[in-house]
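J.:
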Amino acid sequence: MINLIDAISMMRKFRGYLAGAGGISDMTRALKWSVWYAVKWWSEARASGRTESIVAKALYRSLLHHGYINERGDIIKRINAPERPRGSYAQEWLNLHEAFDAIFPKVLEGTAGEALELLLDSMQSQGWYKLWRDGFLEASGFAPRGLLEPRTLGGYNAVDIVARYKPNLYVGTETDRGRLEPLVSILQGVVVNACRAEGVCIFIAHSVCDIADKLRDLPIDSVLLFNKIHWFPNPVGELMCLKKASPSALFYVGQPVVETMPGFLAINTALGAYHVFSRNEVENILSAAGLKVKRVLLREIPFYASIWS
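All the letters of the sequence shown, read from the start, carry residue numbers 19 to 327 under my numbering.
Next up, the structure:
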């Protein structure tokens, strides 16, 4: 389930993540549940005749990669329901899948909008999600002085990163002003639609391309793309504008991909993604935007993690 390269990388660079996840055995139990649910959801999607949605596309591509279905979509391998994990973070991960399972019929019907918004907020506040993010940032040597994060998705990363890393400047973008309320209520002095060289500022914009000129003079040395690229309608264009806005910055990329666990990929896609990407596709998109890879930390599981410039 976990390829050798990622297993070695976890042992060397993600020890805190492994400890928090309850070790390899408990993490493996949790990951198997993601496969079990993915097979269940794909079966339900086929039975309902709704296999054209982006969620079904995520299930199809990931299950095909992992060998659970063939190219026609027939299930060719099943697993029994695994033993429940014991650790609190692994149980949270399983609870996320159970919550998504409860609304999956509405997801297929396209009527689960409000429930998915709540699930997105819940996922970002859960311990395992923060463990993934923090383990990635620690392993990457993340030490931002000026940080740019597009699509803040409610500001959950912003709150934690400002508290832990204390950058001189945090710049975020959000498509909907209403999503800023949690961030503004927690962080004092948030400035909206304007920015100096310090503090916390958020721009309301559907694309970084709309504000790239405003960002270019800011001292940004880091761009955080944790669970982001599939949220961009035009990923190459968005990344080119991010590069234009912060030409000397390091880009920290943590991205669920087709090779990641299929159940989680489906959930994450349903929460608002425009695309489903494989690892190679992510790397090709980054390269097409003019970025160059500096280091790959994880190839597939629990997500693709790398640093670009």
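Using N, Cα and C, we set each Cβ at its ideal position, and we do this for glycine too.
Return the CA-CA distance between Val271 and Pro162, expressed in angstroms with no decimal places.
T.: Taking the straight line from one Cα to the other gives about 14 Å.
J.: Tell me which same chain residues have a C-beta within less than 7 Å of the C-beta of Ala307, skipping the five on either side of it?
T.: Cβ within range, chain order: Val254, Leu257, Met258, Lys261.
J.: Could you tell me which uninterrupted alpha helix (DSSP H) segments, each at least 4 residues in length, are contained entirely in the segment 245–280, listed from first to last along the chain?
T.: List check, alpha helix (DSSP H) in window: 253–263.
J.: Going by the DSSP bridge assignment, what does Trp326 pair with across the sheet?
T.: Looking at the DSSP assignment, Trp326 forms a beta bridge with Phe269, Val311.
J.: Return the residue from the list Met279, Asn175, Pro274 that minimises the CA-CA distance to Leu242.
T.: The shortest Cα separation from Leu242 among Met279, Asn175, Pro274 belongs to Asn175.
J.: How many Å lie between Leu126 and Glu318 at the Cα?
T.: Their backbone Cα atoms lie some 27 Å apart in a straight line.
J.: In the structure shown, what three-state DSSP assignment does Gly190 receive?
T.: If DSSP states are grouped into helix, strand and coil, Gly190 belongs with the strands.
J.: Can you give me the Cβ contacts of Gln142 inside the same chain, cut-off strictly under 6 Å, excluding the 5 residues immediately before and after it?
T.: Cβ within range, chain order: Tyr174.
J.: So what does Phe221 bridge to, in DSSP terms?
T.: According to DSSP, which records beta bridges pairwise, Phe221 is partnered with Thr191.
J.: Run through DSSP, which three-state label would Gly164 get?
T.: Strand at Gly164.
J.: Given Gly207, which residues of its chain have a CB within under 7 Å of its CB, disregarding the five upstream and five downstream residues?
T.: Same-chain partners within the cutoff: Gly217, Val218.
J.: To the nearest angstrom, how far is the alpha carbon of Gly196 from that of Arg169?
T.: Approximately 13 Å, taken between the alpha carbons.
J.: Return helix, strand or coil for Leu243, following the three-state DSSP convention.
T.: The answer is strand: DSSP assigns Leu243 an E or B state.
J.: Going residue by residue through the segment 118–189, where are the continuous beta strand (DSSP E) segments of at least 3 residues, counting only ones entirely within it?
T.: Runs found: 164–167.
J.: What do you get for Ser324, buried or exposed, if any count of 16 or more other CB atoms within 10 angstroms of its CB means buried?
T.: Under this definition Ser324 is a buried residue.
J.: Ignore the nearest five residues each way along the sequence and tell me which others in Ala117's own chain have a CB closer than 7 Å to its CB.
T.: Once the five neighbours on either side are set aside, the close Cβ partners of Ala117 are Leu137.
J.: Please state whether DSSP places Ile93 in a helix, a strand or coil.
T.: Looking at Ile93 - three-state DSSP - the assignment turns out to be strand.
J.: Which of the three DSSP states, helix, strand or coil, is assigned to Ile303?
T.: It is helical.
J.: Whose CA, out of Ala120, Ser106, Asn113, Tyr322, lies closest to the CA of Glu62?
T.: It is Ala120.
J.: Can at least three beta-carbon pairs, one atom from the segment 198–205 and one from the segment 223–238, be found at a separation below 8 Å?
T.: Verdict: no, contact absent.
J.: Decide if the segment 46–54 is in contact with the segment 103–113; the criterion is three or more beta carbon pairs, one per stretch, under 8 Å apart.
T.: Verdict: yes, contact present.
J.: Throw me the rounded Cβ distance for the Ala267 and Leu155 pair, which I believe falls under 8 Å.
T.: In fact, because the Cβ distance is near 15 Å, the residues do not count as touching under 8 Å.
J.: Please report how far the alpha carbon of Val177 lies from the alpha carbon of Ile94, in whole angstroms.
T.: In a straight line, the C-alpha of Val177 is about 44 Å away from that of Ile94.
J.: Cα separation between His293 and Lys148?
T.: Cα to Cα, His293 sits roughly 23 Å from Lys148.
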